[in-house]
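Novice:
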Amino acid sequence: MHIAVCVKQVPDSTEVKINPETGTLIRAGVPSIINPYDHFALQAAMELKAAHGFRVTVVSMGPPQARSVVQMGLALGADDGVLLSDMAFAGSDTWSTSYALAKAMKKIGKVDIILAGMQAIDGDTAQTGPGIAQQLGIPQVSFCVKVDVDGRKLIVRRLIDGGHEIVETRAPALLTMIMPKDYVSKYPSFPAVHSSLKKPCHTWSAADIGAEAQYLGLKGSPTQVAKIYPPPQREKAAMSGGSSQEAVEKILEILARENFVE
Amino acid sequence: MINVSPKCIGCNKCVPVCPFAAIQLIDKKAVINEACTLCGACVQVCPVQAIEISREETATRDLGGYKGVWVFVELVEDRAVGGAAKEGGQPAHAKQGRKIRPVTFELLSIGRKLADQLGEELCAVLLTDKNYGYEKDLGAYGADKVYLVENPELYEYNTDIFSTAIVALTHKHKPSIMLYGATIMGRDLAPRVASSLYTGLTADCTALAIKDGQLLQSRPAFGGNIMADILSPRSRPQMSTVRPNVMKLSDPIYGKIAVTVREDIKIDKGLRRVKVLERKLEKADAGVKLDEARVIVSGGRGMKTKERFKHLEELCRLLGGVVGASRGAVDMGLKDKTHQVGQSGTTVSPKLYLSFGISGAVQHIVGMKASDVIVAVNNDPDAPIFNVAKYGIVGDAHEIAPKLIEALKKRKP
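Protein sequence lines correspond, in order, to chains A and B.
For the first sequence, my numbering gives the first residue as -4, with consecutive numbering after it.
For the second sequence, my numbering gives the first residue as 176, with consecutive numbering after it.
1. If we ignore side chains and look at the alpha-carbon of each, how far apart do B/T435 and B/E281 end up?
2. From the DSSP output, in three-state form, read off A/T89 for me.
3. Here's a check: name, in chain order, each residue in its chain whose Cβ is nearer than 7 angstroms to the Cβ of B/S425, leaving out the five neighbours to either side.
4. Assign B/R394 to one of three DSSP states: helix, strand, or coil.
5. Using a beta-carbon distance below 8 angstroms, is A/Q38 in contact with chain B?
6. Under a Cβ-count criterion, where at least 16 other Cβ atoms within 10 Å of its own Cβ denotes burial, should A/F185 be classed as buried or exposed?
7. Do the CB positions of B/P525 and B/A343 come within less than 8 angstroms of each other?
8. For B/L456 and B/I201, what's the separation of their Cα atoms in angstroms?
9. Please determine if the segment 185 to 205 of chain A and the segment 90 to 99 of chain A are in contact, where contact requires at least 3 C-beta pairs separated by less than 8 angstroms.
10. Label B/A267 either buried or exposed according to how many other C-beta atoms from any shown protein chain fall within 10 Å of its C-beta, with 16 as the threshold for buried.
11. Between the segment 362 to 380 of chain B and the segment 85 to 93 of chain A, do three or more beta carbon pairs fall short of 8 angstroms?
12. State yes or no: is the C-beta of B/P168 within less than 8 angstroms of the C-beta of B/D439?
13. Taking only beta carbons into account, state which residues of the segment 93 to 114 of chain A come closer than 7 angstroms to chain B, listed in chain order.
14. To the nearest angstrom, how far is it from the Cα of B/K578 to the Cα of B/V537?
15. Looking only at its chain, what residues have a beta carbon closer than 6 angstroms to the beta carbon of A/M(-4), apart from the 5 residues adjacent to it on each side?
16. Using a 10 Å radius around the Cβ and a threshold of 16 neighbouring Cβ atoms, would you call B/L364 buried or exposed?
17. Just the chain A side, please: which residues come within less than 9 angstroms of B/A378 by C-beta, in chain order?
18. Could you name the residues of chain A that B/V548 contacts, counting a contact when the two beta carbons are closer than 7 angstroms?
19. Counting only the same chain and skipping the five closest in sequence on each side, list residues whose C-beta sits under 6 angstroms from that of B/E489.
20. Check for me: the beta strand (DSSP E) holding B/K288 runs from which residue to which?
21. Who are the Cβ neighbours of A/E163 in its own chain at under 8 angstroms, not counting the five residues just before and after it?
22. Can B/Y566 and A/I249 be called in contact, C-beta distance under 8 angstroms?
23. What residue does the beta strand (DSSP E) around B/S415 start on, and which one ends it?
24. Would A/K231 be called buried (16 or more neighbouring beta carbons within 10 Å of its own) or exposed?
25. What are the boundary residues of the alpha helix (DSSP H) that includes A/K214?
26. Use the C-beta contact count for B/Y241: other C-beta atoms within 10 angstroms, 16 or more gives buried, fewer gives exposed.
27. Between the Cα of A/M172 and the Cα atoms of A/K181, A/A39, A/K44, which residue gives the shortest distance?
28. Spatial neighbours of A/M67 within its chain, please: CB distance less than 6 angstroms, with the 5 preceding and 5 following residues excluded, ordered by chain position.
29. Assign B/R586 to one of two classes, buried (16 or more other C-beta atoms within 10 Å of its C-beta) or exposed (fewer than that).
30. Short of 7 angstroms in beta carbon distance, which residues of its chain neighbour B/P408, apart from the five on each side in sequence? Order them along the chain.
31. Under 8 angstroms between beta-carbons, which chain B residues line up against A/G132? List them in chain order, please.
32. So B/I432 and B/G314 are in contact, right, with Cβ under 8 angstroms, and what is the actual spacing, rounded?
33. So with CB distances below 9 angstroms, who are the chain B contacts of A/I28?
34. Could you tell me whether the Cβ of B/A259 comes closer than 8 angstroms to any Cβ of chain A?
35. Compute the distance between the beta-carbons of B/L329 and B/L302, then report whether it is under 8 angstroms.
36. Beta-carbon separation of B/M478 and B/L465 under 8 angstroms?
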């Protein structure tokens, strides 16, 4: 079996700061990280590799510097890496990104399981994974926390509202992953990073994967960003203090004023 | 255009999955007739990629031919619906089967406004194994029409089955706008449909409006640090998902019944490529959903012990809410992960968010800042949570909570 893991390089949103004067995002100096959901997907792939000896390919799309997240996948144990990087991809929305990644999967060849993070923390859309599955015509299972493989059969535990369900599907399939509560992220050791530098990491252009320009980038994306603006500023909180009893009276007054109690 | 290439091996997989019986096997090759709606169900199952739908026509498609606002109706098992989410309520006839998830009514409420601005119809799309008079509630919240697909195979959600049916209906009726709840189901279904239709989909919209005849979709990005307005200018339908509790619920007008239009769509069992083996809801309170709660009482590290955290549960009962927790509180074992609010937990948008002893790390703030009224209690006057709160109370959370319970009990006879 061959697993492909889709990873994305994202700005670390916990480090994103806002310019208080203009209300705009300060991008400079914000570190780039591997999307945490994709990190978990990589670890899930490595567990399957350890248990069954599967081959793992890590795939990303982004500017040349996104190579570092592919490298991260290799350091964690992936066998080879692919970076889709081409100016033609710039500005792609989730539809166009799914299109390019699906084309890349076809070029990679026989992929049995595709793992992807449930969503990326910069966009939070959760759309690219299902898009890839649709373009490839394979089933998808989203919000998965655990994957077991038995021959071609995949037994997957996925989150649902207020609980979970166990579902069964067959390879080839795409699974989007979300961290379970006992999850601990692992980072590669220095020797692993060092030896991963010798592993193959290919950079493919749009032409390499046979992607048509009309479906890529700003031009090929069905959605377009019309405007970006700072979120409406909230007014400063009305503050109060005093003794616990005074605080309780204050809260009751607020609850009554906002019609939460009579 | 749909084409079957010579690669076709005559395996017959596509014939039964076609919802419109538009494929026949002639001389061991699939032949597609004019009943085809280009839904792509056959493309999905072809093992040799012999069937191709060329997207040429999408670039030049006549957008003027797309009319109407559609809302996908999400049905849930009764017990999975949180008590706190019961707004509007549903009459007894819905009780036998699954219930309409409240976010559906919120979508109809905003959908009604969009449809009125466009001068077009508002339609609900209902896929179910059995219709329990759902059109009464859907009509009350503004639907003019209900497209009903009633089929035993629709007894529970399945990605392939639902997306195939919706794509088929879309090709047939050509809606201009299609709205989904940004729920676990909606977030699984909508991207599959949008991908198949080569159309724009915008996730987690916080505002929807009509501008020059187009759907203007506003959404937060970068953890809520910026807002973006998104258009889908060249493709239809324009698709959006919206989180529960974001759109204002309109007052239902009972007696206004939507016209039911039955749609006969063939569903092949072979489309069920993912099968549910087992389903488990965790504990009694797990059925209560944070993301649909109207009131959330949330606690952080400042609650200090499990016993004190229990006060918040009592407060929840008094205020009709759901208990939330910060990651800090979850890490300390004060509450389990299903109650966690924030980036690695649940994103919430209740009418009231009452927090005790939560300082407000960024991960927490992005998950609750969309709440209508935030009241924060914390002993540190510089706690970041006060930057998003409407009301800030500086004081000891674990002392204030029990006193507030007493005070609330006194008020209630």
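Note that the Cβ used here is the ideal one computed from N, Cα and C, for glycine as well.
A quick note: this is a predicted structure, and the numbers were derived from the prediction, not measured.
Specialist: Reading from the atomic positions:
1. 20 angstroms
2. Under the three-state reduction of DSSP output, A/T89 falls in the helix class.
3. S284, R287, Y316, G317
4. strand
5. Chain B contact via Cβ: absent.
6. With fewer than 16 other CB atoms across the displayed protein chains lying within 10 angstroms of its CB, A/F185 is exposed.
7. no
8. 49 angstroms
9. The segment 185 to 205 of chain A is in contact with the segment 90 to 99 of chain A.
10. Low confidence applies to B/A267: its pLDDT is 40, below 50, so where it sits in the model is not reliable, and the reading given next is rough at best. Looking at its Cβ environment, which holds fewer than 16 other Cβ atoms inside 10 Å, B/A267 is exposed.
11. Contact between the segment 362 to 380 of chain B and the segment 85 to 93 of chain A is present, with at least three C-beta pairs closer than 8 angstroms.
12. Residue coverage of chain B in this structure runs from 176 to 588, which leaves residue 168 of chain B outside it and unanswerable.
13. S93
14. 29 angstroms
15. F49, D107
16. buried
17. Neighbourhood of B/A378 in chain A, by CB distance below 9 angstroms: T89, Q114, G118, D119, T120, A121, Q122, in chain order.
18. E253
19. I580
20. That residue, B/K288, is in no beta strand (DSSP E); its alpha helix (DSSP H) goes 277 to 293.
21. K148, L149, I150, V151
22. yes
23. 413 to 417
24. exposed
25. 212 to 215
26. buried
27. A/A39
28. I29
29. Classification of B/R586: exposed, given that the 10 Å Cβ count is below 16.
30. Q389
31. V218, Q219, V220, C221, Q224
32. The Cβ separation is near 4 angstroms, so the contact holds.
33. Result: empty, since nearest Cβ-Cβ is about 13 angstroms, beyond 9 angstroms.
34. Confidence in B/A259 is poor, its pLDDT being 34 and thus under 50, which makes the residue's placement unreliable; the coordinate value appears in the next sentence. Answer no: the Cβ-Cβ gap between B/A259 and chain A never drops below 8 angstroms.
35. yes
36. no
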